[in-house]
Structures are given as structure tokens and as C-alpha cells.
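Undergrad: Protein chains in written order, with the numbering used here: chain C, 1125 to 1254; chain Z, 1125 to 1254.
Number of protein chains: 2
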Amino acid sequence: MFARTCPSRSALEHVTGRWGSLVLGALGPGPLRFNELRRRVDGVSQKILTQTLQALERDGFVERNLISTFPLRVEYSLTPVGASVAHRLLALFAHLEAQMPAVLDAQRRYAQRADRSPTSGDVSVGPSSG
Amino acid sequence: MFARTCPSRSALEHVTGRWGSLVLGALGPGPLRFNELRRRVDGVSQKILTQTLQALERDGFVERNLISTFPLRVEYSLTPVGASVAHRLLALFAHLEAQMPAVLDAQRRYAQRADRSPTSGDVSVGPSSG
DNA sequence: CAGCATCCTTATCGATACTG
DNA sequence: CAGTATCGATAAGGATGCTG
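So, in C-alpha cells, the structure goes:
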């Protein structure tokens, strides 16, 4: 896993990538359609969501169900393997949220130890053009 | 967590980022020095490792211990919060590795459903210039 | 609604040189 | 050894227009 040549590295990158983890987490409670997913995973663009879903489908974490009505409908759901991964991701999310007070406190203490200019921290999450 | 404006998103990105997760996982068993870490997290450059460690230190997941000998020595270790996060990450890693046969199988089946050209899959992990 | 193709901007990353 | 600073290549990501 720590080796670059290990095939699990690419799967890990899909699962833990910026969007992969959020998509898997969003699908945890149940199936979602493309735009539902897009609203849930706030900030993701159509292109990136498509890419992410394809990578996750290729790895067998996500299943794509095409419903050929009009307008077109596509439902994404977790496979058993994907669900087991999502379960652990959601546990990580919850744990991380629970630790946020400690994290924010650590960030404040870190900012004081060295004189970082107030704008140099990475608080940026992109422009509001989502 | 799924909202872009939530401060936990940046922490999540550090924890689940390409290198953040591997660094936290590598520090799980015990403290490591900079270059030990660099060897363990195969493929990471000096610059990126520095960046990653600084982000993790800022969030309070990693502690940096400077030992002012000659040559200079720095030991990185997990904080209690970092350890709890790393614990869950390592569980995820192990689970992911256990699922790799299923993942590789899914990738093969996916490649057959649509005629992806054999070289278009993302197997790239960069050149061998480590 | 769901997704592809294209262009273009921006961030990521790696190689190099230098400090302590 | 550990880390900073800078530069150039590359890849990720966003905006737009088009298809079914």
C-alpha cells in the first residue's frame, strides 16, 4: 500500500481523493441520482463528478443504473464492497467532525508559534461560482 | 462535512489527500524522521512531504520534534488526535487491500463492457525517478 | 436530466540550487 | 539531515456548448 507500484494505491486515491470520499459517503444512506449527488457533494462540478463516478464504478465501489425514461434518469448506488468502504469513510468523517474543536484549536496555536501572515493559511475552498 | 464552507472540509482534505493519508498511516506504528518517512511513503517528493507534514501539524494531527544535534534531526509523531485518525485510516487501508481482488476483478469486467483502449486506464504512478 | 468534448485557468508536483 | 525558494512541466478542475 505504501509502495508506488502497488495497484491498491490507485484504488486508494479514488477512495480518498478530494471527491471520491465525499461521493462514497453521500451514497452511504441510499441511491442518488446524478444531480442529487451533485447537490449533496457541494462544490463538485459536473465534469469532476462524472469522472469520479466513473473511477468508482470501474473499481466496483459504485453501480450505475440507467433508467431509460424521458427525461433520462440515472441512479447511483453502492455495491457491497463500496458500502463496506463507505461505512468506514463515514466513521472517519464523524470522528473528524467530532475532533474539529481540537483541530481548530491546534490551528490557532500553530498560527501563534510562527508569525504566519493572516492570509497565508489555507482557508480557501474556491470561489463562490459553484 | 458535505458543505464547501465547513471548516472540516479542509481537515478532511489533509487527512484523505493523496499523501496525507499515507503519512498518517506511516506514523501509526511510531515516530519517524523526515527521510525515514520519505522512504516509507514511496513516491513522495521532499517538497510535498514538507507541505503535507506542515498541514498535518497545523491541524494538530502530527507533532514535530526538533533535536538540535549535528546533523540536524527531526522526529515526527502522531498526537492523540492524530493517532485516533490514523487508526481509522489504517483500518481503511487494510480493508481496501483485502478487497483488492474484488476491485481488480471489477476493473476487468468494466473494461469489457465498454471498449476502453488498453492503455487508457489510470495505471500511471509517475516515472521511476525517485 | 445525464453526460461528452473542448478550451483555458489554476493548482499540484518535481527538479534544482541553496541555507543551517 | 532537514528545510526553503524558485522555476518549469503537467495534471486537475471549471466554463461552455452540444447530444440523446
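Note that the Cβ used here is the ideal one computed from N, Cα and C, for glycine as well.
1. Tell me, please, which residues DSSP counts as bridged to Z/Glu1121.
2. Would you verify that the beta carbon of Z/Leu1213 is, or is not, closer than 9 Å to some beta carbon of chain C?
3. By alpha-carbon positions, which one of Z/Arg1128, Z/Gly1154 and Z/Ala1179 ends up nearest to Z/Trp1143?
4. Bridge partners for Z/Leu1136 per DSSP, in chain order?
5. Give the DSSP bridge partners of Z/Arg1157, in chain order.
6. Of all the options C/Gly1154, C/Leu1146 and C/Ala1127, which has the alpha carbon lying nearest to the alpha carbon of C/Ser1201?
7. Quick one: residues in its chain with C-beta nearer than 8 Å to the C-beta of C/Pro1214, no 5 flanking neighbours on either side, listed in chain order?
8. State buried or exposed for Z/Leu1196, treating a residue as buried only when at least 16 other CB atoms are found within 10 Å of its CB.
9. Could you give the distance in angstroms between the alpha-carbon of C/Leu1173 and the alpha-carbon of Z/Thr1193?
10. Alpha carbons only, please: which of C/Phe1158, C/Asp1166 and C/Met1125 is nearest the one belonging to C/Glu1199?
11. Would you mind working out which of C/Met1224, C/Asn1189, C/Leu1136 and C/Asp1229 sits nearest C/Ala1210, comparing C-alpha positions?
12. So is C/Glu1199 in contact with chain Z if we call contact Cβ pairs under 9 Å?
13. Is Z/Leu1161 near C/Met1125, with beta carbons less than 9 Å apart?
14. At which residues does the alpha helix (DSSP H) containing Z/Ala1127 begin and terminate?
15. Under 9 Å between C-beta atoms, does Z/Ser1132 make it to chain C?
16. Identify which residue in Z/Gln1223, Z/Val1205 and Z/Leu1216 has its Cα closest to the Cα of Z/Thr1140.
17. Tell me which same chain residues have a C-beta within less than 6 Å of the C-beta of Z/Glu1181, skipping the five on either side of it?
18. Got a sec? Which residues, its chain only, sit under 6 Å from C/Arg1128 by beta carbon, not counting five neighbours each side?
19. Can you tell me the Cβ-Cβ gap for Z/His1219 and C/Ser1208, rounded? I've got them flagged as a contact below 8 Å.
TA: Straight from the coordinates:
1. Limits of chain Z in this structure are 1125 at one end and 1254 at the other, which puts residue 1121 of chain Z out of reach.
2. yes
3. Z/Ala1179
4. None, per the DSSP bridge assignment.
5. BP columns for Z/Arg1157 point to Z/Glu1199.
6. C/Gly1154
7. It should be pointed out that residue 1214 of chain C corresponds to Leu in this sequence rather than to Pro. Answer for C/Leu1214: Gly1149 and Gly1152, listed in chain order.
8. exposed
9. 49 Å
10. C/Phe1158
11. The residue among C/Met1224, C/Asn1189, C/Leu1136 and C/Asp1229 with its C-alpha nearest the C-alpha of C/Ala1210 is C/Leu1136.
12. no
13. no
14. It is not in any alpha helix (DSSP H) - Z/Ala1127 carries neither H nor E in the DSSP assignment.
15. yes
16. Z/Leu1216
17. Arg1188
18. Same-chain partners within the cutoff: there are none.
19. 7 Å
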